[in-house]
Every structure is written in structure tokens, then in C-alpha cells.
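As they're listed, the protein sequences go chains A and B. Residue numbering for the first sequence is 1 to 265, as defined by this note's numbering. Residue numbering for the second sequence is 266 to 687, as defined by this note's numbering.
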Amino acid sequence: MGELGILLLAPALVGYGEAAVAYVGETVRPGRAAGLAIWGVRLGWLAQTALLVAQAVRADGFPWSTWAGSLNLFVWMCVGGYLIWGCRTRFRLLGLGVMPLAAGLLAVAWVAGGTGTAPRSGFGDAFLVVHVGLVLAAFAAFTLAAALAALYLWQERRLKSRSAGVLRLRAPALVTLDLLTGRTIAVALAGLTIGIGIGFARLETRGGSLDVTMVVTALAWAVYAAYLVLRHQAGWRGRRTAYVALIGFVVVLVVRVGLPPVAHF
Amino acid sequence: MALVLVGTSHRNAPVELRELVSFTPERRGEALSRLAGRDGEAAVLSTCNRTEVYLAGPEAGACAQRALDELASLSGLSEAELQPALYRLGDVTAAHHLFRVAAGLDSLVPGEAQILGQVRESFDAAQAAGTAGPTLHRLFRHALRAGKRVRTETAIAENPASVSSAAAELAERVVGDLEGRRVLVLGAGKMGELTAANLISRGAESIFVASRTPERARRLAERFGGTAAGIEAVERELGLADVVVASTSASGYVVTAEQVERALRTRRGRPLFFVDIAVPRDVDPAVNTLDGCYLYDIDDLERVVAESVAGRREEAARAETIVGSEAEAFHAWQLSLDVVPAIAMLRELGERIRMAELARAEHRLDGLSPSERKAVESLTTQIVAKLLHAPTVRLKEAAVAAEGVGYAEAVRHLFGLGEDER
């Protein structure tokens, strides 16, 4: 790993780590740490963006084709997505679900060699780039949806238990969290469907066979499709749909962390 | 200019006395010019919890006396009767007090929001009456800034301080924005009315009132532009409402878990928030165990309010730091006033000498082109500015260290400032 890589990775790791700790602090003593946390996220994300740009400039082709490299890109997408809502005061606690995971996965990507800036070659096929990009973006969105669902369950439990301090922590309304989880999953599922479609089209033309990554990705698709059907046809809302979103995320985590990133075409 | 505050508040005086010294807007308009006197400034802050007269003038004693006279005349009490309930503060202490007031730190409920608007309104009234001069202008500007900073930089005003506002805020945590939400009010009691009013003020639209006494239900429904019905219509309404406020005087449950369970089948997962402020309770506690239902009774709400008021008190410590820094800034400005005339005279002297020397050398500058003449002008201006820079800075520093008067006098003496006018 070159000096530039370390120079850019270190602030990203420190920023995400600081944010993760600060969000935990926010739950203990509301109102103090949230500002520090969001700045950690912003600075960390900027540093990671610079790292990805440096990797892209030095690579010949798509630079995140390895397992660790794609993990690096996946973390960047998750945090970027989080920043859409995370800057709003009411949504800051979403970071409690996203940032520890982001810091942990980025550290794993670093240890596994996915954050280096040394020249390397990756696949240059545009179809593959679109396929991998769409699937990764969908997985990042599912991760955010899982964080929204987790925040829903946490807030729902606090409201049900009628704790005296229920209003001391700013959090979005249950209805808002439920709605956002549903919308995020709907958008992500559309992206995943196109990504999978491109993958199968390529499999068809180049020949090849199904592998575990494909099967588990299809399983993730099925879980999220079931989520949308249950939501819109059976009228499921709230706690039940939040659990389905979390089950889907477990499958995503298996694909993303436990299996190789690109299926064998 | 001395700054003087004479006033009374809920801390010193019972409501009977506060009523007597309370200014109506008309009375305040008339009193301001009397309070300001010929060469002073005046502003009056009058709310249900306090009446405070802020005066700036050459003599603190005369200012305080004018305020006392006005309060005595307003209340019909003698000075001796008024004195025990009044406080009199001067300069930085008066400023610090106003900043605490604007920040809500002197209010019954720390951080209450209304007071900042009332401070702004009293300043506007003084401006309209032409009694807000530079001192009060600066004072109120700092006060309003302190109030705003405390509200944006601390969480003091974030949490509710009453049962009805806690209920409304909890409802927002469940169903989101209350705009257009349907509220079902059970019973037409005072507490129910207050809670409904709070929900309406946050945008809730459709109110349905169910009560055993149709006449009272109709009156309450009319007040909020809603519909009234008998208590038998409750089950149907449970399927439509987003928030239920229960405050009947019934001896048993008006809403049972079975009724709610049946209603949930038609709601397609929409959550339902119950506020039960009746004693004995109107809503079966088992409702809280149903999926998508949230029930808060009066004890729960009071616990939430107590916790949030405690939170406000914790934040008050941070707010005091902000108020302190604003008070320091105001004090520094006030002290700088001691040296401002000396600085102005010193600069004027420098400019006068520069112009005189240029005029004397006029015949020797005749041959200069316009650009060369401009360069000479600029050069002489810079020499004067550089010569006077250090004395100006030192004078301002001395003012902040409360030594401004002595330094200003020394400068006047050394440079012969003001001697031409004698």
C-alpha cells in the first residue's frame, strides 16, 4: 500500500471510527456528541472519496473487482447514502447503525488489501462495471434500509416501554422511518433487478454456470420482493416489515462479506 | 451613560402585585417618553411574569427615581410599599439579567420560548416611541442574540414542559407530522380540550368529539371545527383516527382492547396513539400491548415532562456560559464608550494637521500631475493613520481593562484635545 493510500485511508478510518463512538455517546448524553459525529462522517467520507479517486486514476480498468476492493467501494456507497439523511438532526441516530459497520468493514477492506493505490488492472468490460456497480449500490441501499428498520425497532421499543426519557433523544417518527425503509427497498430492488438482469444476460452470451454468489443474491432479491409484496398487498407495516428488512440484510451481509464479489462468468 | 434596571418578577412578587405594575401596550407607549426624560433612553418589558424598566441616562440615581415614580403611579402604591418587591440593577449586572431573561433562564420553566418574542416586542415599542438610543439598541441586540444562541446551541427549549405539549410531541414521534391528522377526543373535559388545542396548533385537522353529554361535545367540536357524536360511535372512529385523547369522567374503560383489536383490522398497519389523561383511566392498559398501538396515561406523561424539565435544567448550565459571554461583550462595548470621544478627537486633530500642512505647501505642489498629487494625499493619510494606530489600540485595550477614563484624560492632556473649544 502506497503512502498516498495510507494518507487518505487513515483520516477515513479515524473519521468513521470517531463517528461510531460519538453516536454511542449521543445515546448516553443527548445533544453533545451528535455534532462531532456528523463531522467525523463528512471528513471521513471526503477522505475515502479521495482514496477511491486515487485508486481509479492509477488503475487500468475497474479498480474494485477484488473482494476487498469492492468492500471499500461498498462502504463508500453506504456512508454516502447515509449522508443524504444523516445531516438532518432527527436522522443522526441512523449513524448508530451505519457508522460502526462502515468503520469495521473499511478496516477489513484495508487488512485484506482493498485500499491500496498501487497501479493494478481490473476488469474493463462496461457490462461488468454496470452490473457490479448496480448490485453494490443496491446492497448499500439495503444496508441503509436495515439501519432505518433497526432505528424503527429501537424507537418503537422506547415508545412502547413509555420510558421517561423517550423525548430526550431526537429521532424520526415511526411512520416516517417505516415509509423511508419501504421506499429505499423499492428503489434498491429495482437497481438489483437490473444488475442481476445484466449479469444473467452476460451469462447467457458468454456461457457459464450458476454459483453460490448468484444463488444467495437471488435469495436476497426474493426476500426484498417479499417485503414489498407483504407491504403493498397484505398491508404489513411497522415492526413486522422492519424484521423482514433485517432478515434481507443478513442475506446481503452473507453475499457481501462471506462470498466472492463477482460471479464466475 | 449609566444603565439601570428597575423591575419585579415572579421571583419577588405575587401575582396580585404583578398585576398592578403590568403595562398595557397603550400605557407603555405613553410612559416611555416620561421614563426616558430629556436626554435618556427607556424600554419596558412587561409580561405576565415580570415588569422591568430599562433606562440609560447620565445619572443612575435619577433614572432609578423616574422608574420608581412611574411604577408607583401605575400601581397606585407608595414607593415604600413597592420597594420590597422591586430589584434594582446597574450596568453589566442589568445587562446580564436581561440576557438571562431573553434566554429563558429566568422563566418559571427554563427555556420557555415566548419570552424572546416579548423582549423583541419591548425593544420594538421603545424604537417606535423613539426612546431606544445607542445604549439600549446595543443592549437589546445582544439580548436577542443571547436568546437565539441559547436556543440554537443548546437543547434547552427542545423538550416539552407541559402534559399537553408532551402528548402532542409523543403523537408526532409516532404518526409524524400532525398536519391533516385525525384526532378523536373522548370526553369534553378541560384537560382533553387543552391537549386537543395543542394538537390543532400543530396542524391536526379533523377533530371528532365523543361524549356522554352531547351538548358539551357539540360545543367543543364547534370550537375546533370538528364533529360531535355519542360515545357509541367510538369503535367506528377508532378505525379512522390517528390520535385518541381520552378524558371522560367514566368509572370504567371507555375503550377496551377488544374494540381496538377489531378496529386495527381496518387500519392496514397504520399506528394509533392514545393519550389517556382521565382518572380513573378510560383506555384499557392492554391496548399498549397491541401491535401499532401506543398508550400513555397521565402518570406516563408526567414522568416524561419531569424528565424533560430536568433536561432543560442541565442545559441551563451551558446556556449560562453563552449568556456570560454576551454580557462580557456588552460590558467591553460599554467601557469602550469612555475612550471613543478621545479617539475621535485625536483622529480629527491628525486630519486637521494633515490638511493644514498640505494647504501650506500648496504652492510647492502646483507642478504635480493629478496622479502625483493623489500619491501625496495617500502618503500623508497613511502617515497620520500609522502614527495614530498604536495610541488608538492602546486606548481601546485600556477601556476594556476599566482604565479607559484615565488614559482618555491623558491623551486629551498630551495632545491638547478640546482646548480650542474652551
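Beta carbons are placed, not taken as given, at the ideal position from N, Cα and C, and that holds for glycine. The structure displayed is predicted, hence computed values, not measured ones.
Select from the options the residue whose C-alpha is nearest the C-alpha of residue i.
i        : options                                   : result
B/Ala592 : B/Thr400, B/Ala394, B/Ala411 and B/Glu579 : B/Ala411
A/Arg231 : B/Gly534, B/Ala571 and B/Ala482           : B/Gly534
A/Phe62  : A/Arg158, A/Val14, A/Leu128 and A/Val111  : A/Leu128
A/Leu153 : A/His131, A/Ala107, A/Gly17 and A/Thr241  : A/Thr241
B/Arg531 : B/Ala453, B/Tyr352, B/Asp507 and B/Gly457 : Position check: residue 531 of chain B holds Thr in this sequence, whereas Arg was assumed. When each option's Cα is compared against that of B/Thr531, the closest is B/Asp507.
A/Ala150 : A/Pro260, A/Val244, A/Val215 and A/Leu203 : A/Val244
B/Arg303 : B/Ala359, B/Gly395, B/Val271 and B/Ala360 : B/Gly395
B/Glu585 : B/Leu401, B/Leu623, B/Leu370 and B/Ile472 : B/Leu370
A/Thr181 : A/Gly195, A/Gly238 and A/Val254           : A/Gly238
B/Leu443 : B/Phe405, B/Val641 and B/Phe538           : B/Phe538
A/Gly195 : A/Trp221, A/Ile84 and A/Arg183            : A/Trp221
B/Val271 : B/Ala350, B/Glu291 and B/Glu284           : B/Ala350
A/Ala22  : A/Leu96, A/Ala59, A/Val130 and A/Ala107   : A/Leu96
B/Ala522 : B/Gly491, B/Phe489 and B/Cys558           : B/Cys558
B/Leu485 : B/Thr460, B/Gly681 and B/Thr419           : B/Thr460
B/Ser372 : B/Thr273, B/Leu282, B/Leu285 and B/Gly517 : B/Thr273
B/Arg276 : B/Arg293, B/Asn314, B/Glu291 and B/Glu295 : B/Asn314
A/Gln48  : A/Leu94, A/Phe91, A/Leu105 and A/Thr193   : A/Leu105
Excluding the five sequence neighbours on either side, which residues of its own chain have a C-beta within less than 7 Å of the C-beta of residue i, listed in chain order?
i        : result
B/Pro479 : Ala493 and Gly495
B/Cys328 : Ala267, Val269, Gly305, Leu320 and Gly322
A/Phe249 : Phe142, Thr143 and Ala146
B/Leu364 : In the sequence under discussion, the amino acid at residue 364 of chain B is Phe, which differs from the Leu named in the question. The answer, listed in chain order, is His407, Ala408, Ala411, Val588, Glu591 and Ala592.
Is residue i close to chain A, meaning its C-beta is less than 8 Å from at least one C-beta of that chain?
i        : result
B/Ser298 : no
B/Glu526 : no
B/Ala582 : no
B/Ala571 : yes
B/Pro375 : no
B/Arg687 : Note that B/Arg687 scores 46 on pLDDT, short of 50, meaning its location in the model is unreliable and no value can be drawn from it.
B/Ala506 : no
B/Val439 : yes
B/Pro550 : no
B/Gly468 : no
B/Asn553 : yes
B/Arg533 : yes
B/Asp371 : no
B/Asp565 : yes
Keeping to the same chain, check which residues put their C-beta closer than 6 Å to that of residue i; ignore five residues upstream and five downstream.
i        : result
B/Gly669 : Leu600, Asp603, Val604 and Ala663
A/Pro30  : Arg168 and Leu169
A/Ala20  : Met99, Pro100 and Ala103
A/Gly44  : Ala12, Gly15 and Tyr16
B/Ala597 : Val665
B/Thr657 : Ile608
B/Asp562 : Asp541 and Arg546
B/Ala436 : Val508 and Phe538
Kindly list the residues whose CB is nearer than 8 Å to the CB of residue i, restricted to its own chain and excluding five residues on each side of it in sequence; keep chain order.
i        : result
B/Leu409 : Ala367, Leu381, Val384, Arg385 and Phe388
B/Arg677 : Ala607, Met610 and Gly683
B/Val570 : Pro425, Ala426, Ser427, Val428 and Ala431
B/Val520 : Leu451, Val499, Leu503, Val509, Ala511, Phe539, Asp547, Val548, Asp549 and Val552
B/Gly454 : Ser512, Thr513, Ser514 and Ala543
How about residue i: is its C-beta nearer than 8 Å to some C-beta of chain B?
i        : result
A/Ala34  : no
A/Trp154 : no
A/Ala164 : yes
A/Leu94  : no
A/Leu4   : no
A/Ala173 : yes
A/Pro30  : yes
A/Phe265 : Below a pLDDT of 50, predicted positions are generally treated as unreliable, and A/Phe265, at 44, falls in that range; the measurement from the model is reported next regardless. No, its Cβ sits nowhere closer than 8 Å to a Cβ of chain B.
A/Leu167 : yes
A/Arg88  : no
Taking Cβ to Cβ, would you say residue i is nearer than 8 Å to residue j?
i        : j        : result
A/Leu268 : A/Leu52  : What is shown of chain A runs 1 to 265, which leaves residue 268 of chain A out entirely.
B/Arg414 : B/Ile587 : yes
A/Ala68  : A/Gly114 : yes
B/Leu300 : B/Arg331 : yes
A/Arg162 : B/Asp565 : yes
B/Ala308 : B/Ala393 : no
B/Gly490 : B/Val474 : no
B/Ala422 : B/Asn463 : no
A/Ala126 : A/Met77  : no
Say the cut is 7 Å; is the CB of residue i nearer than that to a heavy atom of the ligand NAP?
i       : result
A/Ala56 : No copy of the ligand NAP appears in this structure; indeed no ligand is present at all.
Can you check whether the C-beta of residue i is within less than 8 Å of a C-beta belonging to chain E?
i        : result
B/Glu585 : In summary, chain E is missing from the structure at hand, where the protein chains are A and B.
Extract the residue ranges of the alpha helix (DSSP H) inside the stretch 90 to 165 of chain A, only unbroken runs of 4 or more that lie entirely within it. Correct list: 95 to 111 and 126 to 161.
Run through the stretch 358 to 435 of chain B for me and flag every whole alpha helix (DSSP H) of 4 or more residues, listed as ranges in chain order. Segments of the alpha helix (DSSP H) lying fully in the stretch 358 to 435 of chain B: 379 to 394 and 399 to 418.
Give the list of continuous alpha helix (DSSP H) stretches no shorter than 4 residues that lie fully inside the stretch 619 to 679 of chain B. If we require 4 residues or more, the alpha helix (DSSP H) runs fully inside the stretch 619 to 679 of chain B come out as 635 to 665.
In the stretch 566 to 600 of chain B, which residue ranges form an unbroken beta strand (DSSP E) of at least 3 residues, counting only runs that do not cross its ends? DSSP runs (the beta strand (DSSP E)) wholly in the stretch 566 to 600 of chain B: none.
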